[in-house]
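In what follows, a structure is listed as structure tokens, so that the remarks can point back to it.
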Amino acid sequence: MDWLQVWVLALVQGLTEFLPISSAAHLILVPVLTAWEDQGLAFDVATHVGTLVAIMAYFRHEIVTITQAWFRQVGGRGATPESMLAWAVIFGTLPAALAGLAFAGVIENSLRSPLVIATTTIGFALLLWLADWRGRGARDEFSIRWRDIAIVGGAQALALIPGTSRSGVTMTAALLLGFSRKAAARYSFLLAIPIIALAGAYETLKLVQSPPDQVHWPQLFAGAVIAGIAAWLCVHWFLKLIERIGMLPFIVYRLLLGAFLLWVFL
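Residue numbers (numbering that gives the first Met the number 0): 0 to 265.
Pasting the structure below:
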């Protein structure tokens, strides 16, 4: 893998992991446009680590606050909005984790086709448009209730279908429930932390079980750093701009991307 491939793939992973535009669609598209060989599982693990470190660094204060509140509640000092948000991250992760264990084989073997990705990219773009058009809510992430957790967590499980976009579908669900754009994004990003950690652990397990191969440590380290910086900047600017620009630019982009995939693969 040459250094151009390292830069491009790491940037793609870092940017698309958190924007509502589907990382799966882009990781399918890059090899089509470049004819590059597969980058290998080790590189995938490295970029996942980079994005995980980035999102945890960005939300470090919130993570500390809700974790402390959760331990205080468990210790019998009463529930607070912060402890409820911690429960929301924990229980909101369960549907996707269980669905991943139950349907991993089906997803890998039957749902990774370019036509499936094109269809879901377009279909969930339209659903995001509907949610953003209808949703002018003012709720923040600390107002979350158990019903919200079940709905957003269930929506996250749908993101196992390639092309759906994990961040896109969770933001869509939160907008439909009356959350503000910024609150929907913040909860989606916090909800990403355990999912990315689980995905990284799963990929690491597969890497350990795979036949030994030469590991190019400088490229892996660079991939992790590039993906992490791209992810941090992406989250930072997305949260700054989302209330002003809305979801429309991402919806239009998804529609164009889905149309391009249909044109290429039909």
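All residues carry an ideal CB built from backbone N, CA and C; glycine is no exception. Here the structure is a predicted model, which is why all the values come from computation and not from measurement.
Leu40 and Leu8 have their C-alpha atoms some 13 Å from each other. Assignment of alpha helix (DSSP H) within the segment 148-189, counting only whole runs of 4 or more residues, yields 165-175 in chain order. Rounded to the nearest angstrom, the Cβ distance from Leu197 to Ala96 is 6 Å, consistent with a contact under 8 Å. Sequence-distant Cβ neighbours of Thr92 in its own chain, meaning closer than 8 Å and more than five residues away, are Gly152, Gln155, Leu190, Pro193, Ile194 and Leu197. Distance from the CA of Arg146 to the CA of Ala172, rounded to the nearest whole angstrom, comes to 11 Å. Between the alpha carbons of Trp128 and Ile250 lies a distance of about 6 Å. Asp131 is classed as buried because its beta carbon has at least 16 other beta carbons within 10 Å across all chains shown. Comparing C-alpha distances from Thr169 to each of Ser187, Val207, Glu81 and Leu159 shows the shortest one belongs to Ser187. Here the segment 9-20 lies against the segment 41-57, with 3 or more beta-carbon pairs under 8 Å apart.
Between the alpha carbons of Thr50 and Thr15 lies a gap of roughly 10 Å. Exposed is the label assigned to Trp2, since fewer than 16 other Cβ atoms lie within 10 Å of its Cβ.
Taking all protein chains shown into account, Glu242 has fewer than 16 neighbouring C-beta atoms within 10 Å of its C-beta and is therefore exposed.
As DSSP reads the structure, Arg138 sits in a beta bridge with Phe178. Going by beta carbons, Ser166 and Phe17 fall inside the 7 Å limit. Excluding five sequence positions before and after Val5, the CB atoms of its chain that fall closer than 6 Å to its own CB belong to Gln218, Ala221 and Gly222, given in chain order. Look at Ala53 here: in three-state DSSP terms it is helix. Look at the beta carbons and you see the segment 172-185 not touching the segment 115-124: under three pairs across the two are nearer than 8 Å. Within the segment 53-114, the complete alpha helix (DSSP H) runs of at least 4 residues fall at 59-73 and 80-109.
Residue burial is scored here from C-beta neighbours: Gly257 has at least 16 other C-beta atoms within 10 angstroms and is therefore classed as buried. In the DSSP assignment, Phe17 falls outside any alpha helix (DSSP H) and carries neither an H nor an E. Comparing alpha carbon positions, the residue from Ala34, Trp216 and Ile27 closest to Ala117 is Ile27.
The beta-carbon separation of Leu174 and Gly134, rounded to 3 Å, stays under the 8 Å limit for a contact.
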